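Undergrad: Numbering-wise (this note's numbering), the sequence shown opens with residue 7 and increments by one. Every residue gets a Cβ at the ideal spot worked out from N, C-alpha and C, and that includes glycine. All values reported here derive from a predicted model rather than from experimental measurement.
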Amino acid sequence: MGGEDAPPLTLSRVVVAVESVVAGVAYWIGILLALFASASLFPDLQSDGRVELLLSKPIGRLNVLLGHMLGVWSAIGILAVYLLGGVWVIMSLKTGVWNPRFLFSLLLVVGMFAVMYAAVMLMGVWTESTALGLIVSYGLIFVSMVLAAADQIGPTLGPVGRPVFWGLYHGLPNFTEVTQIVSTLAKGESVSSWYPFVSSLLFGGAAYAVTGYWFVRRDF
Numbered sequence: 007m008g009g010e011d012a013p014p015l016t017l018s019r020v021v022v023a024v025e026s027v028v029a030g031v032a033y034w035i036g037i038l039l040a041l042f043a044s045a046s047l048f049p050d051l052q053s054d055g056r057v058e059l060l061l062s063k064p065i066g067r068l069n070v071l072l073g074h075m076l077g078v079w080s081a082i083g084i085l086a087v088y089l090l091g092g093v094w095v096i097m098s099l100k101t102g103v104w105n106p107r108f109l110f111s112l113l114l115v116v117g118m119f120a121v122m123y124a125a126v127m128l129m130g131v132w133t134e135s136t137a138l139g140l141i142v143s144y145g146l147i148f149v150s151m152v153l154a155a156a157d158q159i160g161p162t163l164g165p166v167g168r169p170v171f172w173g174l175y176h177g178l179p180n181f182t183e184v185t186q187i188v189s190t191l192a193k194g195e196s197v198s199s200w201y202p203f204v205s206s207l208l209f210g211g212a213a214y215a216v217t218g219y220w221f222v223r224r225d226f
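#1: Can you tell me where the alpha helix (DSSP H) holding Ile96 begins and where it ends?
#2: Count the CB pairs spanning the region 160-176 and the region 135-144 that are closer than 8 Å, and state whether there are at least three.
#3: Of all the beta strand (DSSP E) runs that stay within the bounds of the region 35-114, which reach a length of 3 or more residues?
#4: Where does Val184 fall in DSSP's three states?
#5: Note down the Cα distance separating Leu207 from Trp79, rounded to an integer number of angstroms.
#6: Indicate whether Met118 and Val184 have their beta-carbon atoms separated by less than 9 Å.
#7: Closer than 7 Å by C-beta to Ser205: which residues in its own chain qualify, once you throw out the five before and the five after it? Chain order, please.
#8: Over the uninterrupted alpha helix (DSSP H) stretch that includes Ala155, give me the two end residues.
#9: Following the continuous alpha helix (DSSP H) through Gly30, name the residue where it begins and the one where it ends.
#10: When the Cβ atoms of the region 36-43 are set against those of the region 80-98, are three or more pairs found closer than 8 Å?
#11: Since Thr217 and Val131 are thought to touch, with beta carbons under 8 Å apart, how far apart are those beta carbons, to the nearest angstrom?
#12: Taking the CB atoms as reference points, tell me whether Tyr214 and Ala124 lie closer together than 9 Å.
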């Protein structure tokens with residue numbers, strides 16, 4: 007019988023399942039809130055008076071940009087460690103079940119925030135608009151929900167729509183699909199494919215490169 011073949015429900019399985027849910031929720035809600043909280047930082051850095059003061063110092067523009075990026079990433083990283091790490095320590099102490107692979111999900115949360123923040127910065131250097139940066143970054147997350155169904159949608163498209171769709175799939179962040187990697191790591195299981203995360207990092211790297219090029223050449 008199917009019920010007899012099911013693995014027994016143990017405390018360890020319950021804890022790992024709960025931690026997987028916590029990681030998934032932190033990934034979505036945490037990154038959405040982090041983007042909202044940090045979206046205005048880069049446009050504000052370019053505001054009249056502030057950017058001139060920064061650039062008047064013996065600091066290269068790329069160093070200013072890199073310092074801003076590292077500062078934001080570090081702040082989000084510290085918050086992620088505090089929240090997720092705190093949940094992990096408390097649950098582990100209370101239950102006696104230690105699942106250290108849960109902590110690997112922290113890297114993906116911070117990494118995907120950095121990817122989505124690249125879109126915010128790109129819009130910031132282009133338009134200095136906080137609202138547009140949020141719209142684009144949240145829009146990319148919404149589009150990733152559609153792209154996550156690529157195996158079902160792709161075959162139904164025509165000869166023109168199919169390459170466009172797959173081009174978007176490979177070129178834009180796969181935010182939704184990375185959710186599965188986060189949950190898999192939190193469970194301590196092997197990840198079948200890292201492609202969604204790697205392709206997202208490539209998008210982020212390209213967006214940061216364009217931002218840097220534009221920021222260096224821009225006339226403030």
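TA: Looking at the atomic coordinates:
#1: To locate residue 96, count along the sequence shown from 1; it is residue 90. Run containing Ile96: Gly92 to Thr101, per the alpha helix (DSSP H) assignment.
#2: By the Cβ criterion, the region 160-176 is not in contact with the region 135-144, since fewer than three pairs of Cβ atoms, one from each stretch, lie closer than 8 Å.
#3: none
#4: Taking the first residue of the sequence shown as position 1, residue 184 is located at position 178. Three-state DSSP puts Val184 in a helix.
#5: The sequence position of residue 207 within the sequence shown is 201, counting from 1. The sequence position of residue 79 within the sequence shown is 73, counting from 1. Approximately 14 Å, taken between the alpha carbons.
#6: In the sequence shown, counting from the first residue as 1, residue 118 sits at position 112. In the sequence shown, counting from the first residue as 1, residue 184 sits at position 178. Yes, Cβ-Cβ distance for Met118 and Val184 is below 9 Å.
#7: Taking the sequence shown and counting its residues from 1, the one referred to as residue 205 is at position 199. Once the five neighbours on either side are set aside, the close Cβ partners of Ser205 are His176 and Asn180.
#8: As a working mapping, residue 155 is identified with position 149 in the sequence shown. Premise fails: Ala155 is in no alpha helix (DSSP H) and is neither H nor E.
#9: Looking up residue 30 in the sequence shown gives position 24. Gly30 -> alpha helix (DSSP H) spans Leu17 to Val31.
#10: yes
#11: Indexing the sequence shown from 1 puts residue 217 at position 211. Indexing the sequence shown from 1 puts residue 131 at position 125. With a Cβ gap of about 5 Å, Thr217 and Val131 count as contacting.
#12: Numbered from its first residue, the sequence shown carries residue 214 at position 208. Numbered from its first residue, the sequence shown carries residue 124 at position 118. Contact: yes.
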